[in-house]
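Student:
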Amino acid sequence: MTIGVKKVARPPEMSFPESLYLVEIVKGLGVTMGHLLRNIVRQEGIQTIEYPEVRRAMPVRFRGRHRLMKRMDGSPRCVACYCCATACPAKCITIVAGESPDPTIEKYPARFDIDMLRCVFCGMCVEACPCDAIRMDTGWFTPPDDTREKLIFTIDTLLEK
Amino acid sequence: MSTALFDLVVAVARIGVFFSFCFGLLVVMTWVERKGSAYIQDRRGPNRADILGVRAWGLFHPLADALKFLFKEDFIPDNAHRLFYQLAPMFSLAPAIMTIAVIPFGPDVTVMGRTIALQIADLNVGILYLFAVSGMTVYGVVLAGWSSGSKYPLLGGLRSSAQMLSYEVSMGLSLMGIFMVFESVRMSQIVAGQGTLLFGLLPKWGILVQPLGFVLFLVAQYAEANRTPFDLPEGESELVAGYHTEYGSFKFSMFMMAEYLHMVVGAAVVATLFLGGWQFPFLGDAGFLFPGGAAVALPKAAVLLIRIGSFVGKVVFFAWLYVWVRWTIPRFRYDQVMRLGWKVMLPLSLLNIFATGLILLLLRK
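Here the protein sequences come in this chain order: F and Z. Under my numbering, the first residue of the first sequence is numbered 23, with each subsequent residue one higher. Under my numbering, the first residue of the second sequence is numbered 963, with each subsequent residue one higher.
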């Protein structure tokens, strides 16, 4: 089998006025001035999102901030099986299991922390969860904060959304 | 009023007015740069800072910047040479301010029977003073780079000093043609010389008698002011920050002020030397006098206002050109900068001197 050789067209040699640069610079100035004038005249034509007020709609499969799901009675759906913590490649999930007062349920998470500084947003925890208790469908990034402690999300923070 | 007191008042007023003009333009330029770059790149630009709900297209952002710089932590790195570290920002800012002194803002005015030059100092060495002072900006850069006691600023400082020295050469040589044509280094005489007509048709502006000199000087000026495409001393996006890596708060802001002041003063210098300074085409002391013979008489005050306005307009245009070029042309690679400086600009400026001399010689015969 022969390897297919792709012929790449070399850019043609620069013509004399091009090699002088000055003419091309003036042309470039024309382009930028065009953009400037167009955007001054038609402000609404600028394609930007007024970020804090307007948020971009994330695609459905976007992996955003984690949330924990609740049962009908409001208790977390998580059964502290450690599947997510085991699957996590960044080892950012800390679970402490407690005995559930409900006789039909074995365990509940007494503590469920996600260290957002270590999380790589791979979604493995979501895949691993057998109870569909953890999801990343909030469509929202991790908001910035000013201390490391505030970025370790506790179970209360995760249940909020 | 006694003569001495009158002179003192005039001197203080002149310095005050020119100072506030340059610093005012400097503040506006920071806004123009951010807003202009935004519109050129199809963004919206600064528009959030508001006073009592009034946003005024982001005009309050320079104010917010100043406040921010004032209240930031003012630190000195452990390894820094404390004295020179503190002095370096002043070394960059001071020469930029000092160069305002020799730029004529308008023709001589007669107040209370005395002639006043609209220029802080009409030195007979004129442009030589300008070169001497603006050459000192290199000290600020090198000192800042060395005294920070860190390797990256040192490298950045050396790079920028090499660049600024290389372009200083062709900058000086590119102006020789102007000296030869107007036969003076005195700023006021160069401007006065540009008021005459060329072939009785065109204004004898520097740009028309020295087109090559104009291009060379403009390019060298950009390199001296460390503006894109020659902003290798800072190289914000690729390098750390060059010579001012270790600077924060108002000391950093002084470097930025120096850069913008360089732009304003540079624009004023180009306007003065190559675009006729305060001269307005076909405007004489008594009014317009067009080449065809048509004349429009104007009162003295109107003539003065048009002339000062024409100077301000030219300065604003060149200041805008700095921003405009910055967001059009990408940055040079370092070897390209050196090649352009020594292998293109220097021979061309020598050629310009030779050609000017030849033409002047032939015209004289």
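For each residue, glycine too, the CB sits at the ideal point set by N, CA and C.
Could you list which residues in chain Z have their beta carbon closer than 9 angstroms to that of methionine 55 of chain F, in chain order?
Tutor: Chain Z residues near methionine 55 of chain F: Ile1002, Trp1286, Thr1290.
Student: Could you have a look at valine 30 of chain F and say whether DSSP puts it in helix, strand or coil?
Tutor: Valine 30 of chain F: coil per DSSP, three-state reduction.
Student: Taking Cβ-Cβ distances shorter than 7 angstroms, what residues in chain F pair up with glycine 998 of chain Z?
Tutor: Residues of chain F passing the Cβ test: Leu58.
Student: Please confirm whether alanine 107 of chain F and isoleucine 115 of chain F have their CB atoms less than 8 angstroms apart.
Tutor: Yes. Within cutoff.
Student: Excluding the 5 residues preceding and the 5 following phenylalanine 1220 of chain Z in the sequence, name in chain order all residues of the same chain whose CB lies nearer than 6 angstroms to its CB.
Tutor: Here the sequence assigns alanine to residue 1220 of chain Z, which means phenylalanine is not the residue at that position. Taken in chain order, the residues that qualify are Ser1054, Leu1055, Ala1058.
Student: List the residues of chain Z that threonine 70 of chain F touches, going by C-beta distances under 7 angstroms, in chain order.
Tutor: The contacting residues are Arg1005, Arg1006.
Student: Identify the residues that DSSP records as bridge partners of phenylalanine 1250 of chain Z: which are they?
Tutor: For phenylalanine 1250 of chain Z, which the question treats as bridged, DSSP gives the partners Z:Leu1245, Z:Val1258.
Student: To the nearest angstrom, report how far apart glutamate 182 of chain F and threonine 164 of chain F are at their CA atoms.
Tutor: Glutamate 182 of chain F and threonine 164 of chain F: Cα-Cα distance of roughly 14 angstroms.
Student: Report the start-end ranges of each alpha helix (DSSP H) in the stretch 1000 to 1051 of chain Z that is 4 residues or longer and not cut off at the edges.
Tutor: 1023 to 1033, all fully within the stretch 1000 to 1051 of chain Z.
Student: Consider the Cβ of valine 1177 of chain Z: report whether some Cβ of chain B lies at a distance smaller than 8 angstroms.
Tutor: You won't find chain B in this structure, because its protein chains are F and Z.
Student: For valine 76 of chain F and valine 1278 of chain Z, what's the separation of their Cα atoms in angstroms?
Tutor: Distance between the alpha carbons of valine 76 of chain F and valine 1278 of chain Z is about 36 angstroms.
Student: With a CB to CB cut of under 7 angstroms and the five nearest residues on each side skipped, what residues in its chain are close to leucine 1021 of chain Z?
Tutor: Once the five neighbours on either side are set aside, the close Cβ partners of leucine 1021 of chain Z are Trp993.
Student: Starting from the beta carbon of leucine 51 of chain F, find every residue of chain Z whose beta carbon is closer than 9 angstroms, and list them in chain order.
Tutor: Simply Leu1283, Trp1286, Val1287, Thr1290, Ile1291.
Student: Thinking leucine 1266 of chain Z and phenylalanine 1250 of chain Z are a contact (beta carbons under 8 angstroms), I'd like their distance in whole angstroms, please.
Tutor: The Cβ separation is near 14 angstroms, so there is no contact.
Student: Report yes or no: do three or more beta-carbon pairs, one from the stretch 1155 to 1162 of chain Z and one from the stretch 1232 to 1241 of chain Z, lie closer than 8 angstroms?
Tutor: Touching, yes.
Student: Over what stretch of residues does the alpha helix (DSSP H) that includes glycine 52 of chain F continue unbroken?
Tutor: Element bounds for glycine 52 of chain F: 44 to 63.
Student: Could you name the residues of the same chain whose beta carbon sits closer than 7 angstroms to that of alanine 1083 of chain Z, not counting the 5 residues immediately before and after it, in chain order?
Tutor: Result list for alanine 1083 of chain Z: Ala1063, Val1064, in chain order.
Student: Determine the contact status of leucine 1090 of chain Z and leucine 1310 of chain Z, defining contact as a CB-CB distance below 8 angstroms.
Tutor: Cβ atoms of leucine 1090 of chain Z and leucine 1310 of chain Z: not closer than 8 angstroms.
Student: Just the chain Z side, please: which residues come within less than 8 angstroms of leucine 44 of chain F by C-beta, in chain order?
Tutor: By Cβ distance, chain Z contributes Val1177.
Student: When you compare each of Z:Gly1088, Z:Val990, Z:Val1287 to tryptophan 1019 of chain Z by their alpha carbons, which one comes out closest?
Tutor: Here the closest residue by C-alpha is Z:Val990.
Student: Near phenylalanine 1067 of chain Z, which residues of its chain fall below 7 angstroms by C-beta distance, leaving aside the five closest residues on each side in sequence?
Tutor: Excluding sequence neighbours, phenylalanine 1067 of chain Z sits near Phe980, Leu1080, Gln1081, Trp1240, Ile1270, Phe1273.
Student: Which same chain residues, not among the five before or five after proline 152 of chain F, have their C-beta less than 7 angstroms away from its C-beta?
Tutor: The residues are Cys103, Cys105.
Student: Take every Cβ of the stretch 46 to 54 of chain F, pair it with every Cβ of the stretch 122 to 129 of chain F, and state whether three or more of those distances are shorter than 8 angstroms.
Tutor: With a cut-off of 8 angstroms, the stretch 122 to 129 of chain F and the stretch 46 to 54 of chain F do not count as touching, because too few Cβ pairs lie within range.
Student: Return the residue from the list Z:Gly1255, Z:Phe1093, Z:Arg996 that minimises the CA-CA distance to proline 1008 of chain Z.
Tutor: Among Z:Gly1255, Z:Phe1093, Z:Arg996, the Cα nearest to that of proline 1008 of chain Z belongs to Z:Arg996.
Student: Is lysine 113 of chain F helix, strand or coil when you go by DSSP?
Tutor: Correct three-state label for lysine 113 of chain F: coil.
Student: Report buried or exposed for glycine 1088 of chain Z, applying the criterion of at least 16 other Cβ atoms within 10 angstroms of its Cβ.
Tutor: Label assigned to glycine 1088 of chain Z: buried.
Student: In three-state DSSP terms, what is glycine 120 of chain F?
Tutor: In this structure, glycine 120 of chain F counts as strand in the three-state DSSP scheme.
Student: With a CB to CB cut of under 7 angstroms and the five nearest residues on each side skipped, what residues in its chain are close to arginine 1044 of chain Z?
Tutor: Counting only Cβ-Cβ distances below 7 angstroms, and skipping sequence neighbours, we find Ile1038.
Student: Can you give me the Cβ contacts of leucine 139 of chain F inside the same chain, cut-off strictly under 6 angstroms, excluding the 5 residues immediately before and after it?
Tutor: Same-chain partners within the cutoff: Leu173.
Student: Going along the stretch 101 to 132 of chain F in order, which residues come within less than 8 angstroms of chain Z, judged by CB to CB distance?
Tutor: Correct list: empty, as no residue qualifies.
Student: Using a C-beta cutoff of 8 angstroms, does isoleucine 47 of chain F count as contacting chain Z?
Tutor: Yes, because at least one Cβ of chain Z sits closer than 8 angstroms to the Cβ of isoleucine 47 of chain F.
Student: From which residue to which residue does the beta strand (DSSP E) around aspartate 135 of chain F run?
Tutor: Start and end: 129 to 137.
Student: Quick check on serine 1215 of chain Z: buried or exposed, where buried means 16 or more other Cβ atoms within 10 Å of its Cβ?
Tutor: Buried, since its Cβ has 16 or more Cβ neighbours within 10 Å.
Student: Check glycine 1068 of chain Z in the structure and name its three-state DSSP category.
Tutor: Of the three classes helix, strand and coil, the one that applies to glycine 1068 of chain Z here is strand, per DSSP.
Student: Assuming the contact rule is C-beta atoms closer than 8 angstroms, tryptophan 162 of chain F and arginine 87 of chain F should be a hit. Round their C-beta distance to whole Å, please.
Tutor: Right, the Cβ-Cβ distance comes to about 5 angstroms (below 8 angstroms), so this counts as a contact.
Student: In angstroms, rounded to a whole number, what distance separates the CA positions of valine 1153 of chain Z and serine 982 of chain Z?
Tutor: Taking the straight line joining both Cα atoms gives about 23 angstroms.
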